[in-house]
Structures are given as C-alpha cells and as structure tokens.
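Enquirer: Start counting the sequence shown at 1; every next residue gets the next number (the numbering used here). For glycine and all other residues, C-beta sits at the position ideal for the given N, C-alpha and C. Keep in mind it's a predicted model, so treat the numbers as computed, not measured. Take a look at the following structure, please.
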Amino acid sequence: MVSSIVGNYLLENGLITYEQLNDLMKEQRRTRVKLGLIAVAEGLLMPEEAERINNLQSVMDMRFGDIAVEKGYLTEWEVEGLLAKQGNAYLVFAQALENQQLMSIEQLEMYMMDFQREHQLTIADIEDIKSDDVDRILPLYIPANSDSYLNVAGTALRTIMRCVDSDTYLDQAYRTKQYRECHCALQYVEGEYSYTCGIAGEDEAILMVASIFGKEEFQKVDRDALDAVGELVNCINGLYTSSLSRGGVSSQLCPPELLVEEGDIASENMMIIPLHIKGHKVDLIIAMDDRIQARQ
Numbered sequence: 001m002v003s004s005i006v007g008n009y010l011l012e013n014g015l016i017t018y019e020q021l022n023d024l025m026k027e028q029r030r031t032r033v034k035l036g037l038i039a040v041a042e043g044l045l046m047p048e049e050a051e052r053i054n055n056l057q058s059v060m061d062m063r064f065g066d067i068a069v070e071k072g073y074l075t076e077w078e079v080e081g082l083l084a085k086q087g088n089a090y091l092v093f094a095q096a097l098e099n100q101q102l103m104s105i106e107q108l109e110m111y112m113m114d115f116q117r118e119h120q121l122t123i124a125d126i127e128d129i130k131s132d133d134v135d136r137i138l139p140l141y142i143p144a145n146s147d148s149y150l151n152v153a154g155t156a157l158r159t160i161m162r163c164v165d166s167d168t169y170l171d172q173a174y175r176t177k178q179y180r181e182c183h184c185a186l187q188y189v190e191g192e193y194s195y196t197c198g199i200a201g202e203d204e205a206i207l208m209v210a211s212i213f214g215k216e217e218f219q220k221v222d223r224d225a226l227d228a229v230g231e232l233v234n235c236i237n238g239l240y241t242s243s244l245s246r247g248g249v250s251s252q253l254c255p256p257e258l259l260v261e262e263g264d265i266a267s268e269n270m271m272i273i274p275l276h277i278k279g280h281k282v283d284l285i286i287a288m289d290d291r292i293q294a295r296q
C-alpha cells in the first residue's frame, strides 16, 4: 500500500507522470533493494560513500556489505540489520524510482517531509506508512475516537487487496449520517457484535469490482453485478466473524442487501472510507452497532 500512497502523492504533485507510475508499479515487482540505498536511507552512509563502495565492487570480488565492513564504513551488526530490510516495500519503491532514473532516495525523503507537513503527520506516523502494514496505516486515515471500526475496516482492506487489487490505497475516512445516490451492496451482521458493512460506488467502479471478484465481465450495473459485490462483502464479513467466533463471540450474517437503482442510505454511526482501486474510487461503508437503512 505504501507504494500506492507515495506514488499517487508524487503523481498529484506533478513529480511523475501517470505512465511513469504504472511503470514503477511493474518495476518494483521485480526489484531487489540494493544495500547501499538502504544504508543511505537509514543514515548509516552518505550517498558518496555508498557510491565509493559500489565502485570498489568492480575491482574487489566481494559483496557490498563485506566491503563496507572491511573498509570501516559499517559494522557487521549494521549490515545484518540492513539485510533484514531488503524486503521493505517503501525501500523497494525507492529502488524502483532509482532504477527508472526518476529520483534518488534523498529526493524521495525530501518529498516525504513535504507529505508529512501537508498531512500534519508525525515522524512516527510516517514510519507507520513506510511499514506497509495495514494495521499501522489504517488508524492514520480514521477519524478520532473510531477504534471500534478498525478491525472490520482492516479485514475489509486486506481482503480487497488480496481478492481485487493489491495496489489499493485509501483516502481520509469521514463520519456521516446519510450517503446519497449510490449503487451499493450492504450486509448486516447481528449478534453480540453487530454492525453493517458495504461497498458503494458509481457505475464504472462497481462494474470493475464486480468483474474482478466475480471473474465475469459485467456490462451494466444490474442485480448480477451487485450480487458479485455482495459476495465480496459477504467474504469480508465471513472472515471477520470467523475471527470473532474464535474469540467466543457469536454473530450471524444476514443476506446482503443490493441497491441496484441509485438510492440513499442512512445511519447514525456510518463511516465512509474512500478506496482507490485500479483508477476508480469506491467507498467502504461501515456502521457499528447499527443497521444501515436503504431507500431507493
């Protein structure tokens, strides 16, 4: 998720193009992060020191880390720490930027400082984003005093990333009592821990989600297309209620409710989490301790 968040920030600020972002997303899937880039990102080496070690590799049959230790730039313990971070998604994205000759890790870190200021985040918040951990990123996008929504939202986001688009990312969530003019699939979960979860969006966005998850090319938003979206919602809630059951909490899934014609939905406890999926925006809708009312 971090590559989508940071990549789209760079795109929105005119620092890369849409085509370059698409190339980056492909590049990072085949990228292995160089130890030198990680060392610079961690502040253990200056860029020129990393370059010096890279140059030495052309005349010394040794790995980067071994040369760095032999020449006194790094300790063995520091090299072990760097090796452990080679799979970090943020650093993989940074390496892809360098491979595509778009910017250095130093330039990216400067833009991340701008990102931090613009979004009023702390250094710890930025580290949470760089971790690429949904459970650490999600709280940054949820309104204050909304902890009860996090577990359902986390299950939903992970499921969508696994079943629809691994590059899904989110915008700032918000609370509302009414959501208007949408195609929507909702499901109420009743029991000791009751809530409503759903997915809503405009025609193209709903068709995209339905087609990918349903493995069928839907041409219009009808009951069949929304039924596929409802199955995705059912999958999300099934996974979450299974985790509740393992903890001894009893709950039951009601049949999904489909809004084929655009209509309104309302709840006193409704939260909207905007998700970007393959160039389209859909809204993840959650209402804790309440059944969302639909009107067409």
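For G230, which of helix, strand or coil comes out of DSSP?
Expert: For this step, residue 230 is matched to residue 230 along the sequence shown. Three-state DSSP puts G230 in a helix.
Enquirer: Can you give the Cα-Cα distance for K34 and D264, rounded to whole angstroms?
Expert: In the sequence shown, residue 34 corresponds to position 34, counting from 1. In the sequence shown, residue 264 corresponds to position 264, counting from 1. Looking at the two C-alpha atoms, the distance is approximately 51 Å.
Enquirer: On the premise that Y9 lies in contact with F115, defined as a C-beta separation below 8 Å, what is that separation, rounded to the nearest angstrom?
Expert: Indexing the sequence shown from 1 puts residue 115 at position 115. Indexing the sequence shown from 1 puts residue 9 at position 9. Their Cβ separation, rounded to whole angstroms, is 6 Å, which keeps F115 and Y9 in contact under 8 Å.
Enquirer: Please classify P143: is it buried, with 16 or more other beta-carbons within 10 angstroms of its beta-carbon, or exposed?
Expert: The residue you call residue 143 lines up with position 143 of the sequence shown. By the 10 Å Cβ count, P143 comes out exposed.
Enquirer: Taking its Cβ as the centre, do 16 or more other Cβ atoms sit within 10 Å of V249, making it buried, or is it exposed?
Expert: For the purposes of this step, residue 249 is identified with residue 249 of the sequence shown, where counting begins at 1. Result: exposed.
Enquirer: Between the segment 134-143 and the segment 164-173, do at least 3 Cβ pairs fall closer than 8 Å?
Expert: yes
Enquirer: Residues in its own chain within less than 8 Å of L82 by CB, not counting five upstream and five downstream?
Expert: The count along the sequence shown starts at 1 and reaches residue 82 at position 82. Excluding residues within five positions, the ones whose Cβ falls inside 8 Å are L35, I38, A39, E42, L44, G65, L74.
Enquirer: Just the C-alpha distance for F93 and E192, rounded to the nearest angstrom, thanks.
Expert: Translated into the one-based positions of the sequence shown, residue 93 becomes position 93. Translated into the one-based positions of the sequence shown, residue 192 becomes position 192. If you draw a straight line from the Cα of F93 to the Cα of E192, it is about 42 Å long.
Enquirer: At which residue ranges does the segment 249-279 contain complete alpha helix (DSSP H) runs of 4 or more residues, listed in the order of the chain?
Expert: none
Enquirer: Going by the beta-carbon positions, is the gap between I206 and V233 smaller than 8 Å?
Expert: Position 206 of the sequence shown, counted from the first residue, corresponds to residue 206. Position 233 of the sequence shown, counted from the first residue, corresponds to residue 233. No, the pair does not count as a contact, with Cβ atoms beyond the cut-off.
Enquirer: Does the segment 158-168 come close enough to the segment 224-233 to have 3 or more Cβ pairs within less than 8 Å?
Expert: Verdict: yes, contact present.
Enquirer: Note the first and the last residue of the continuous beta strand (DSSP E) segment covering I199.
Expert: On the sequence shown, residue 199 is found 199 positions in, with the first residue counted as 1. Counting along the chain, the beta strand (DSSP E) containing I199 begins and ends at 195-201.
Enquirer: When you compare each of Q219, Q187, V260 to D289 by their alpha carbons, which one comes out closest?
Expert: Your numbering for residue 289 matches position 289 in the sequence shown. For the residues Q219, Q187, V260, the minimum Cα distance to D289 belongs to Q187.
Enquirer: Starting from R117, trace the beta strand (DSSP E) in both directions and tell me its first and last residue.
Expert: For the purposes of this step, residue 117 is taken as the residue at position 117 of the sequence shown. Where R117 is concerned, there is no enclosing beta strand (DSSP E), although the alpha helix (DSSP H) it sits in stretches over 105-118.
Enquirer: What whole-angstrom Cβ distance do C197 and V134 have, given they're in contact under 8 Å?
Expert: Along the sequence shown, one-based indexing puts residue 197 at 197. Along the sequence shown, one-based indexing puts residue 134 at 134. No, C197 and V134 are not in contact; Cβ-Cβ is about 16 Å, not under 8 Å.
Enquirer: So Q293 is in the beta strand (DSSP E); what residue range does that whole segment cover?
Expert: Numbered from 1 along the sequence shown, position 293 holds the residue referred to as residue 293. It spans 293-295 - the beta strand (DSSP E) in which Q293 sits, taken as one unbroken run.
Enquirer: Could you give the DSSP three-state label for D66: helix, strand or coil?
Expert: Locating residue 66 in the sequence shown gives position 66, where the first residue counts as 1. In the structure shown, D66 falls within a helical segment according to DSSP collapsed to helix, strand and coil.
Enquirer: From the DSSP output, which residues share a beta bridge with V189?
Expert: Taking the first residue of the sequence shown as position 1, residue 189 is located at position 189. Partner(s): Y195, L253.
Enquirer: For G279, does the count of other Cβ atoms within 10 angstroms reach 16, so buried, or fall short, so exposed?
Expert: Position 279 of the sequence shown, counted from the first residue, corresponds to residue 279. The residue in question, G279, is exposed, as its Cβ has fewer than 16 Cβ neighbours within 10 Å.
Enquirer: Would DSSP call Q100 helix, strand or coil?
Expert: Here residue 100 is taken as the residue at index 100 of the sequence shown, counted from 1. Residue state, collapsed to three classes: coil.
Enquirer: Distance, Cα to Cα, Q95 vs E127?
Expert: Numbered from 1 along the sequence shown, position 95 holds the residue referred to as residue 95. Numbered from 1 along the sequence shown, position 127 holds the residue referred to as residue 127. When rounded, the distance between both Cα atoms is 18 Å.
Enquirer: Roughly how many whole angstroms lie between the Cα atoms of R295 and D227?
Expert: In the sequence shown, residue 295 corresponds to position 295, counting from 1. In the sequence shown, residue 227 corresponds to position 227, counting from 1. R295 and D227 have their C-alpha atoms roughly 18 Å apart.
Enquirer: Let me check one thing: in DSSP terms, what residues is I286 bridge-paired to?
Expert: Locating residue 286 in the sequence shown gives position 286, where the first residue counts as 1. Paired residue(s): C197, M271.
Enquirer: Are the Cβ atoms of I272 and Y179 separated by less than 8 Å?
Expert: Reading the sequence shown from its first residue, position 272 is the one you call residue 272. Reading the sequence shown from its first residue, position 179 is the one you call residue 179. Yes, they are a contact pair.
Enquirer: I16 and L91 - do their beta-carbons sit closer together than 8 Å?
Expert: Indexing the sequence shown from 1 puts residue 91 at position 91. Indexing the sequence shown from 1 puts residue 16 at position 16. It is not a contact, given that the beta carbons lie outside the stated cut-off.
Enquirer: How many Å lie between I105 and L56 at the Cα?
Expert: Numbered from its first residue, the sequence shown carries residue 105 at position 105. Numbered from its first residue, the sequence shown carries residue 56 at position 56. Approximately 21 Å between the Cα atoms of the pair.
Enquirer: List the DSSP bridge partners of R175.
Expert: For the purposes of this step, residue 175 is taken as residue 175 along the sequence shown, with counting starting at 1. In DSSP, R175 forms a bridge with M271.
Enquirer: For R180, which three-state DSSP category applies?
Expert: Start at 1 with the first residue of the sequence shown, and residue 180 comes out as number 180. The answer is strand: DSSP assigns R180 an E or B state.
Enquirer: Could you name the residues that DSSP lists as bridge partners for K281?
Expert: Taking the first residue of the sequence shown as position 1, residue 281 is located at position 281. Answer is H276, bridged to K281.
Enquirer: Would you say L24 and L97 are within 8 Å of each other, going by their C-beta atoms?
Expert: In the sequence shown, the residue the question calls residue 24 occupies position 24. In the sequence shown, the residue the question calls residue 97 occupies position 97. Closer than 8 Å, so yes.
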